[in-house]
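In the numbering used here, the protein residues as written are 2 to 410. For glycine and all other residues, C-beta sits at the position ideal for the given N, C-alpha and C. Okay, structure first, notes after.
Take a look at the structure:
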């Protein structure tokens with residue numbers, strides 16, 4: 002698990018180096034901010050349509066082999082892009098094609114690497130391991146974004162893509178040496194191969210997700226939070242540069258505090274949807290107060306707990322997704338979640354942008370916080386009422402026919 006964490010740190014740092022310079026690269030090629038947004042949407046689009054297929058592939062194929070091949074494929078894409086940039090042969094069409102290919106490979110790579118981490122610790126330590134993974138991811142994001150500026154400044158844009166390619170190769174080299182922990186809950190490749198094809202279908206994963214109330218509740222909480230909150234890079238940018246009269250430097254400070262708060266991990270032994278909902282409601286209340294901030298100093302005090310709550314909530318939700326389904330269904334459940342999450346990530350920012358146009362940045366933060374908190378409170382009350390109604394209608398113990406005891410001759 003330590004080696005896997007180091008590999009993930011290196012990979013995340015490389016990925017964020019590339020993502021940081023990619024927008025600059027698109028601007029250099031096209032000079033259009035709209036094209037920058039389009040490139041991000043194009044890369045995310047395959048996850049919307051193909052994540053369920055990628056999750057099914059992860060359930061069918063040996064996990065270590067799947068993760069190693071997908072990481073190697075991502076390395077090839079990064080090296081190809083770097084070479085084209087270095088030779089000044091990269092145009093917008095080629096960049097879009099490479100973005101689509103990257104997004105397609107990621108539909109397999111993301112669940113494969115996520116579930117590979119489950120295999121490296123005992124079952125009871127999986128939630129805590131997910132917390133470590135979240136910490137590593139956010140630390141890699143900070144380091145990668147910082148290294149991107151230095152790398153581009155001294156070595157040029159292509160160097161960031163080359164660095165990301167080598168980071169993928171590092172992960173590929175580490176995977177063969179990983180060994181499952183004693184007591185880990187994992188799906189052995191041989192057992193998966195013996196399952197009937199009908200039990201490995203995409204439909205089975207979709208049906209399980211649709212019939213699982215706690216997963217539907219998790220989707221509802223996460224969805225409402227993703228649309229009306231969490232997009233702090235958008236809402237806080239407009240708040241800082243608008244009503245609070247700060248500049249780019251002030252928003253840079255806010256972004257740094259957000260990233261630092263995201264590094265905070267959590268040791269979760271019993272993650273639950275109730276915990277995710279409570280944290281989301283807490284974040285919504287903090288968001289409301291942030292919308293009322295009279296100064297940048299007050300906002301900075303609020304930003305850190307907002308980031309911490311969001312980070313722990315994400316960790317808890319991920320832990321539920323990776324431990325609640327049966328082992329043979331986890332890839333497909335993560336695939337369904339990938340499609341749903343992509344829908345939110347594509348639809349959330351435009352909806353929030355429209356809300357800011359109508360209500361301003363303060364109004365958007367306050368309205369969004371109220372919607373999130375009210376929705377979670379209403380869902381909790383409805384669930385509690387349904388639970389009470391079910392307990393009242395259950396027959397008493399005395400009225401349940403008892404089975405007759407028999408002996409076997």
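Short of 7 Å in beta carbon distance, which residues of its chain neighbour residue i, apart from the five on each side in sequence? Order them along the chain.
i           : result
residue 111 : 339
residue 319 : 131
residue 224 : 345
residue 104 : 44, 45, 46, 47 and 48
residue 31  : 93
What would DSSP say about residue i, mapped onto helix, strand or coil?
i           : result
residue 98  : helix
residue 199 : At residue 199, the pLDDT of 45 sits below 50, so the modelled position is not reliable; the number obtained from the coordinates is stated separately. Note: residue 199 maps to helix in three-state DSSP.
residue 18  : helix
residue 51  : helix
residue 128 : helix
residue 1   : Lying outside 2 to 410, the shown extent of the chain, residue 1 is not represented and no answer is given.
residue 166 : helix
residue 212 : helix
residue 122 : coil
residue 307 : helix
residue 110 : helix
residue 157 : coil
residue 190 : Interpretation of residue 190 is limited by its pLDDT of 43, a score under 50 that renders its predicted location unreliable; no figure is taken from the coordinates.
residue 325 : coil
residue 273 : coil
residue 179 : coil
Return the Cβ separation of residue i and residue j in integer angstroms, given the expectation that the two are a contact with Cβ distance under 8 Å.
i           : j           : result
residue 117 : residue 64  : 5 Å
residue 165 : residue 16  : 6 Å
residue 128 : residue 272 : 5 Å
residue 277 : residue 219 : 6 Å
residue 84  : residue 47  : Not confirmed; about 23 Å, so no contact.
residue 332 : residue 106 : No, residue 332 and residue 106 are not in contact; Cβ-Cβ is about 15 Å, not under 8 Å.
residue 354 : residue 235 : 7 Å
residue 75  : residue 169 : 5 Å
residue 348 : residue 53  : 18 Å between Cβ atoms; not a contact.
residue 8   : residue 171 : 6 Å
residue 62  : residue 175 : Wrong, their Cβ atoms sit about 19 Å apart, outside the cutoff.
residue 19  : residue 68  : The Cβ separation is near 19 Å, so there is no contact.
residue 247 : residue 297 : 5 Å
residue 270 : residue 115 : At roughly 19 Å, the Cβ-Cβ gap does not stay under 8 Å, so residue 270 and residue 115 are not in contact.
residue 143 : residue 260 : 5 Å
residue 100 : residue 40  : 6 Å
residue 135 : residue 315 : 6 Å
residue 43  : residue 97  : 5 Å
residue 255 : residue 300 : 7 Å
Which residues in the same chain as residue i place their Cβ atom closer than 8 Å to its Cβ, once the five residues preceding and following it in sequence are excluded?
i           : result
residue 378 : 282
residue 87  : 157 and 159
residue 252 : 237, 238, 241 and 242
residue 374 : 282, 285, 286 and 289
residue 21  : 145, 146, 149, 150 and 161
residue 244 : 361, 362 and 363
residue 91  : 26, 30, 82 and 85
Quick one: is residue i near chain D, going by C-beta distance under 9 Å?
i          : result
residue 50 : Protein chain content of the structure displayed is limited to a single chain, and chain D is not contained in it.
CB-CB under 6 Å to residue i, same chain, minus the five flanking residues each way: which ones, in chain order?
i           : result
residue 70  : none
residue 226 : 281 and 373
residue 371 : none
residue 182 : 121, 122 and 123
residue 262 : 305, 308 and 309
residue 82  : 99 and 162
residue 192 : Note on residue 192: pLDDT 45, under 50, position unreliable in the model; no value is reported.
residue 177 : none
Report task. At 4 residues or longer, and completely inside the stretch 345-396: list those alpha helix (DSSP H) runs for me, N to C. Result -> none
Query - Inside the stretch 219-264 only - alpha helix (DSSP H) runs reaching at least 4 residues - result: 233-242 and 249-263
Requested in this report: For the stretch 63-92, list the alpha helix (DSSP H) runs that are entirely contained and at least 4 residues long, ordered along the chain.
Outcome: 64-87
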